[in-house]
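Just so we're on the same page, full-length UniProt numbering is the position in the sequence shown counted from 1, plus 279. Note that the Cβ used here is the ideal one computed from N, Cα and C, for glycine as well. Everything on this sheet refers to the single structure shown next.
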Amino acid sequence: PDIITVADLASRMAMRQTDLIKELMKQGHMVTANNTLDADTAQLIVEDMGHSVKRVSEADVEEGLIAPDRADAALKPRPPVVTIMGHVDHGKTSLLDAIRKANVVSGEAGGITQHIGAYQIEAPSGDKITFLDTPGHAAFTAMRARGANVTDIVVVVVAADDSVMPQTEEAISHARAAGVPMIVAVNKIDVPGADPNKVKTDLLRYEVQVESMGGDIQDVEVSALKKTNLDGLLDAIALQAEFLELTANADREAYGSVVEAKLDKGRGTVATFLVQAGTLKRGDIVVAGSEWGKVRALSDENGKPMKEALPSQPVEILGLGGVPEPGDQFVVVESEARAREVAEYRARVKREKQNAQSAGTSLEQMMAQL
Ligand code: GTP
Ligand code: MG
280 PDIITVADLA SRMAMRQTDL IKELMKQGHM VTANNTLDAD TAQLIVEDMG
330 HSVKRVSEAD VEEGLIAPDR ADAALKPRPP VVTIMGHVDH GKTSLLDAIR
380 KANVVSGEAG GITQHIGAYQ IEAPSGDKIT FLDTPGHAAF TAMRARGANV
430 TDIVVVVVAA DDSVMPQTEE AISHARAAGV PMIVAVNKID VPGADPNKVK
480 TDLLRYEVQV ESMGGDIQDV EVSALKKTNL DGLLDAIALQ AEFLELTANA
530 DREAYGSVVE AKLDKGRGTV ATFLVQAGTL KRGDIVVAGS EWGKVRALSD
580 ENGKPMKEAL PSQPVEILGL GGVPEPGDQF VVVESEARAR EVAEYRARVK
630 REKQNAQSAG TSLEQMMAQL
């Protein structure tokens, strides 16, 4: 519903809140700054006060924000974005560490992944693959859902000594909801008594029939610890990616998704973006959710400076004025004025939603007390 708070209305009329509230009271509206008015009422009031009204709608602000590709745009192959999901402790981060020859697990508090990590690797074949690591802890459902939404392929990691568990099942649902193909990685096959076949049989109950059981979902048996068959996993990803024929136009203003963002004391907002199309460069003016800024620096996950970020490439950027939410869309726009307009509009909509919610509850509470 189109509503606006008295405070927002005052700021849009370039009036002091107290002056607007006084005016409203004269007109018989007993309000405070946080009360909301519906758009029609607000328009009448404002016109009574001799202002002209220009209503800005979502369509005005959001339409054309991501410019359509030009007719002669060249779509070029892009690397797959692969999200690693699975139950807590089944070895997602270890598997990625083994593939990247890095060591993230040992630096994690209590060995639990708390956020989405984004990395791009070059496989021995020379193909690039972008990986998103997700936490398996039950509390991180929303994060996994966000991961699934920006991804091309989901790798479901299942520990062979533990088999299918609640977050395995959830990972399967996220992949299905997002409409992306799955690859099953049966991990920890080095553990004595591990039973990969039990994993594959258990998966049948969730209608996941892997190739080695006669189905069409690729499966690989691996050990992150012993680095067994990592190439097999990379090959499975490459095969699936080839089938998907992933392309993007790199020759345009960039847009994509916010993977994560935080406030850093020294550097301000540090955001990890995943570019979905276009090329992100230093100096680009970008809107991310209801925040905006000028890209001041780009770097990879190791802090190494980058000149630009291409489709499917994760990149850490500095320069946003505030912290956007993971899963927000980012888009490069032509001017600071446009960026400010979009960001302010979104911030206002967000505030109004929150106000409407709190107004809703207090009304319910009032009714309950009657
Ligand atoms: P969360 O991010 O907390 O959900 O866990 P995760 O899935 O990322 O698991 P992680 O990689 O942190 O591994 C959990 C534990 O399993 C660690 O102690 C790893 O050393 C161990 N582990 C991972 N892969 C293997 C494997 O192939 N074999 C054996 N034996 N242990 C493994
Ligand atoms: Mg992890």
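Contact check for M364 against R425 fails: the beta carbons are separated by 8 Å or more. V611 is the residue among F419, Q519, V611, D298 whose C-alpha sits nearest the C-alpha of G598. Between V340 and the set A457, L542, V501, R627, the nearest pair of CA atoms involves R627. If you compare the alpha carbons of L513, Q497, A438 with that of V478, the shortest gap goes to A438.
With a cutoff of 8 Å on beta-carbon distance, V565 and V554 are scored as not near each other. Under the rule that a run must span 3 or more residues, the beta strand (DSSP E) segments found entirely inside the stretch 337 to 366 read 360 to 365.
Residue burial is scored here from C-beta neighbours: Q519 has at least 16 other C-beta atoms within 10 angstroms and is therefore classed as buried.
Short note on K371: C-beta closer than 7 Å to some heavy atom of the ligand MG. Counting along the chain, the unbroken alpha helix (DSSP H) around Q296 starts and ends at 296 to 305. For D530, the distance from the CB to the nearest heavy atom of the ligand MG is not below 7 Å. For T409 against V360, the beta-carbon gap comes to about 5 Å, under 8 Å, which counts as contact.
Annotation: the continuous beta strand (DSSP E) that includes P593 extends over 593 to 599. Taking the Cα positions, T362 is about 11 Å away from P414. By the neighbour-count criterion, in which 16 or more other beta carbons inside 10 Å mark a residue as buried, L299 falls on the buried side. When the Cα atoms are used, E631 and S591 turn out to be separated by approximately 34 Å. Sixteen is the threshold: since fewer than 16 other Cβ atoms of the shown chains lie within 10 Å of the Cβ of M304, the residue is exposed. Bridge partners of N466 according to DSSP: A438. Between the stretch 493 to 509 and the stretch 466 to 480 there are three or more inter-stretch CB-CB distances shorter than 8 Å, so the stretches are counted as touching. L559 sits away from V602, with the two beta carbons spaced by 8 Å or more.
Counting only runs that start and end inside the stretch 479 to 538, the alpha helix (DSSP H) elements of at least 4 residues fall at 509 to 523. Approximately 11 Å separates the beta-carbon atoms of M461 and I516; this is outside 8 Å, ruling out the contact.
By DSSP's assignment, D317 forms a beta bridge with I282.
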